[in-house]
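**Student:** Here it is: the structure, laid out below.
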Amino acid sequence: MSSLSILYILINYIFLMSITIYTVVKKVNFVEYISTILIVCFCLNLSIIAFEVILKIFKTTNKSTFELEIADSKEDIKKLLNEAREEE
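Residue numbers (the working numbering): 357 to 444.
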């Protein structure tokens, strides 16, 4: 299991346990408790999935998309390589 999966499980656990404690303290009926749990589970997991997808998109688009068009002549290639060495 990855560390993100463990983090998601922990977040779910904390939210659901806090709802359970709140409903016990406020003496909410069982139907409201179950509906609240289902709604929170759905919304929380949906937001986690959206966050994961956005994070994956940022990781894949962060790669360099630089394309260099160079001429066919050897002199131009040597000139570009020398310029690159000088920049470093």
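Glycine included, C-beta positions come from ideal geometry on N, C-alpha and C.
Values in this document were obtained by computation on a predicted structure and should not be read as measured data.
By Cβ distance, which residues of its chain are closer than 6 Å to N401, with the 5 residues on each side in sequence left out?
**Tutor:** The residue you call residue 401 lines up with position 45 of the sequence shown. For N401, where only same-chain residues beyond five positions count, there are no Cβ hits under 6 Å.
**Student:** Contact defined as beta carbons within less than 8 Å: I believe I393 pairs with L372. What is the distance between those atoms, to the nearest angstrom?
**Tutor:** Numbered from its first residue, the sequence shown carries residue 393 at position 37. Numbered from its first residue, the sequence shown carries residue 372 at position 16. Right, their Cβ atoms sit about 6 Å apart.
**Student:** Over what stretch of residues does the alpha helix (DSSP H) that includes S361 continue unbroken?
**Tutor:** The sequence position of residue 361 within the sequence shown is 5, counting from 1. Residues S359 to K382.
**Student:** Roughly how many whole angstroms lie between the Cα atoms of Y378 and V396?
**Tutor:** Reading the sequence shown from its first residue, position 22 is the one you call residue 378. Reading the sequence shown from its first residue, position 40 is the one you call residue 396. One C-alpha to the other measures close to 13 Å.
**Student:** So, with DSSP's three-state summary, where would you put S429?
**Tutor:** To locate residue 429, count along the sequence shown from 1; it is residue 73. Looking at S429 - three-state DSSP - the assignment turns out to be coil, as it is neither helix nor strand.
**Student:** Find out if the Cβ-Cβ distance for the pair Y364, I413 is shorter than 8 Å.
**Tutor:** Stepping through the sequence shown from its first residue, residue 364 is reached at position 8. Stepping through the sequence shown from its first residue, residue 413 is reached at position 57. No, they are not a contact pair.
**Student:** Starting from N385, follow the alpha helix (DSSP H) in both directions and report where the run begins and ends.
**Tutor:** The residue you call residue 385 lines up with position 29 of the sequence shown. Note, N385: premise wrong, no alpha helix (DSSP H); not H, not E.
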